[in-house]
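Have a look at the structure below before the remarks.
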Amino acid sequence: MNSVIKGTSYVLVHVPDMVIHNGTTQTTERTVNPNSEYLKQIKDHLRSFEQVVAYLPNQTYIGNLIPEELGKYEQPWHDKNLDNADRFGKYGEIMPQDEFIILMQMCDVFDLVKLESSFLEGTKKKLKNHPLFDDDLMQRIKAGEDVAVIKKYVEEEHAEPLYHNGNLVGCVKRAHDLDVNLNAHVMHENLVSKASNVLALLNLVYKNNINREDIDYVIDCSEEACGDMNQRGGGNFAKACAEVAGFVNATGSDTRGFCAGPTHALIEAAALVKAGVFRNVVVSAGGATAKLGMNGKDHIKKGLPVLEDVLGGFAVLVSENDGINPEINLDLVGRHTVGTGSSPQAVITSLVSSLDKAGMKITDVDKYSVEMQNPDVTKPAGAGDVPLANYKMIGALAVKRGDIDKKDLASFTEQHGMQGWAPTQGHIPSGVPYIGFCREDILEGKIKNTMIVGKGSLFLGRMTNLFDGVSFIIEANKGKSEPQSTISEDKIKELIAQALKNFASNLMAE
Amino acid sequence: MSLLQGKKVIIIGDRDGIPGPAIEECVKTAGAEVIFSSTECFV
Chain A
-16 MNSVIKGTSY VLVHVPDMVI HNGTTQTTER TVNPNSEYLK QIKDHLRSFE
34 QVVAYLPNQT YIGNLIPEEL GKYEQPWHDK NLDNADRFGK YGEIMPQDEF
84 IILMQMCDVF DLVKLESSFL EGTKKKLKNH PLFDDDLMQR IKAGEDVAVI
134 KKYVEEEHAE PLYHNGNLVG CVKRAHDLDV NLNAHVMHEN LVSKASNVLA
184 LLNLVYKNNI NREDIDYVID CSEEACGDMN QRGGGNFAKA CAEVAGFVNA
234 TGSDTRGFCA GPTHALIEAA ALVKAGVFRN VVVSAGGATA KLGMNGKDHI
284 KKGLPVLEDV LGGFAVLVSE NDGINPEINL DLVGRHTVGT GSSPQAVITS
334 LVSSLDKAGM KITDVDKYSV EMQNPDVTKP AGAGDVPLAN YKMIGALAVK
384 RGDIDKKDLA SFTEQHGMQG WAPTQGHIPS GVPYIGFCRE DILEGKIKNT
434 MIVGKGSLFL GRMTNLFDGV SFIIEANKGK SEPQSTISED KIKELIAQAL
484 KNFASNLMAE
Chain B
761 MSLLQGKKVI IIGDRDGIPG PAIEECVKTA GAEVIFSSTE CFV
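In order, the protein sequence lines correspond to chains A and B.
Taking the working numbering, I'd label the letters of the first sequence as residues -16 to 493.
Taking the working numbering, I'd label the letters of the second sequence as residues 761 to 803.
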């Protein structure tokens, strides 16, 4: 039987100081042009936590605003707020930077995260009111350090500084003197990915009333790599995150595929559950510091705030069929193969043509969840409206196949598409942001099915010039049915009778 | 004669627009010589 989507969580972390100190656009600029106007201006273009919470796409990401409602607001969205916006949402939360830095220390098991005493004590008090931080997690917090000690680590021992409101509040130490894969920069990047993934896992069990002990397997599908000089990318983020989240009966592994990673991982999870290997598999990912402020130069040039100021994270629980929740249909998996070619038309054709196996038209899928990047971020940077471009391509393919008339192309993108709302965090916006909403839309009968599409820029790794993509269908549950016996009771009786008859005949013959 | 006939071309494609290899195929048919082609990602 097909597996089902049993629960989801979506989290964002507002990290304005990490935009300045850890985003690659900014770190590269600091190396190439340390006195640039951009670096001088960036502090004045950062948003407050309250602004980030009230931002319409962020409220959509954590489930407080449905995509249809977001689409009713005229773009741009950065100058509009959602009234009475809450940092906590139906699917997750938006965490402020100070709390997240403490969470990074909770996720550090090698005593690498050092935090200044007064910052630590002040933020600890805030966390006591947080619904997710139980005694087990609070006990992971270590004693604070004098700021002079932190400065020494940063200035003399290559530690990565941690800032909050422009003040040095801690650091991430290097994990090895010589190994570049364990230097402070890499450890910081990986601990951020781990901590934001853990935040998604904690929200998953909390928001969906899931028993942590029931989780059998976790697949991390972020875009970071952990390992030492002998096995860069050896892993395993998944099990490391499961440990902190208290999934005591789980093991796990990491799946990578650039932005397509989450869709690959969900197909794997669905296959593991359908095959009966595991009953409950979580697919999850944390965010990437590198992409913070990636298009910041263009945003500032146009007088906008730096909109790439949040880390993203998500988790999806794939479970045995319960007869209720939407199913993952593994019969309709689309894939971009080595021989497909790289033109956008070829890519979309390879992902959508899986429908042919079921004799379905493109219009038979109610909603397509493609690259759901927030156009508020990409349009000012000249990258256009990415989801809309994808919908236009799917619509054009539908025209070519004769599924719709050319004049219906515009209405196709409205009926079968959505406005993007996810932050440009690579794997985070790719297909998966809609899974939480689609689960509810299908359960409520608003739609019958959706296609999740993930696409990956493999060429960025310089190992191949190929593109990549995979897709699958989530559809309404067809009802729990017992596995059909391959042989009926009557047939068994008939076989036994025949055997006895033959035996009797043999005896008589003797 | 094509505008690109005999010209040397540097291609920077966009992952969500037209990727480098697709542009490469087009300009080659127009008689251009591709000396560098890459696809970038801004999302």
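Where is the CB? At the ideal position from N, CA and C, for every residue including glycine.
Treat the numbers as computed from the prediction; the structure is a model and nothing was measured.
By the Cβ-count criterion, MET491 of chain A is exposed, with fewer than 16 other Cβ atoms from all chains shown falling within 10 Å of its own Cβ. Under the Cβ criterion of 8 Å, THR789 of chain B is not counted among the residues facing chain A. Taking LEU294 of chain A as reference, the option from A:VAL(-13), A:SER(-14), A:HIS(-3), A:ASN(-15) with the minimal CA-CA separation is A:HIS(-3). By the 16-neighbour rule on beta-carbons within 10 angstroms, LYS362 of chain A is buried. Judged by DSSP in its simplified three-state form, ILE331 of chain A adopts helix. Residue nearest to LEU763 of chain B within the set B:CYS786, B:GLY773, B:ARG775 is B:CYS786 (criterion: CA-CA distance).
Listed along the chain, the chain B residues whose CB falls inside 9 Å of the CB of ALA243 of chain A amount to none; the nearest CB is some 12 Å away. Per DSSP, the continuous beta strand (DSSP E) segment holding HIS147 of chain A begins and ends at 143 to 147. Around the CB of ARG445 of chain A, fewer than 16 other CB atoms lie within 10 Å, so the residue is classed as exposed.
Counting only Cβ-Cβ distances below 9 Å, GLU423 of chain A has no contacts in chain B at all, with the closest Cβ about 26 Å away. Non-local C-beta neighbours of ARG215 of chain A in its own chain, meaning closer than 7 Å and more than five positions away in sequence, comprise ASN164, ALA208, ordered along the chain. In its chain, beyond the 5 residues on either side, PRO40, GLN58, PRO59, TRP60, HIS61, LEU290 have a beta carbon closer than 7 Å to the beta carbon of ASP359 of chain A.
With fewer than 16 other Cβ atoms inside 10 Å of its own Cβ, ALA480 of chain A counts as exposed. With respect to ILE345 of chain A, ARG384 of chain A sits close: the two C-beta atoms are nearer than 8 Å.
At a cut-off of 8 Å between beta carbons, GLN356 of chain A contacts chain B. Exclusion of the five residues before and after HIS147 of chain A leaves ASP0, GLN80, ASP81, ILE84, PHE102 as the residues of its chain whose Cβ lies within less than 7 Å of its Cβ. The beta carbon of GLN765 of chain B sits closer than 8 Å to those of ALA790, GLY791, ALA792, all from its chain and outside the five residues before and after it, given in chain order.
At a C-beta separation below 7 Å, ALA782 of chain B has these neighbours in chain A: SER325, SER326.
Annotation for HIS282 of chain A: the continuous alpha helix (DSSP H) segment containing it runs 279 to 284. Contact annotation: in the segment 428 to 458 of chain A, residues whose CB is within less than 7 Å of a CB in chain B are SER440, PHE442, LEU443, ASN448, PHE450. The residues THR7, in chain order, have a CB closer than 6 Å to that of ALA273 of chain A in the same chain once the five nearest residues on each side in sequence are set aside. DSSP, read as helix, strand or coil, puts HIS319 of chain A in coil.
For ASN304 of chain A, no beta strand (DSSP E) encloses it, and the DSSP letter there is neither H nor E. Taking a contact to require three or more Cβ pairs closer than 8 Å, the segment 149 to 156 of chain A and the segment 223 to 230 of chain A do not qualify as touching. The Cβ of PHE802 of chain B sits closer than 8 Å to at least one Cβ of chain A. Taking a beta-carbon distance threshold of 8 Å, MET277 of chain A counts as an interface residue toward chain B. Going by C-alpha positions, ASN194 of chain A is about 11 Å away from ASN263 of chain A.
In this structure, PRO781 of chain B sits away from ASN112 of chain A, with a CB-CB distance that is not shorter than 8 Å. Any Cβ of chain B closer than 8 Å to the Cβ of VAL369 of chain A would place that residue at the interface, and such an atom is present. At least one beta carbon of chain B lies nearer than 8 Å to the beta carbon of THR407 of chain A.
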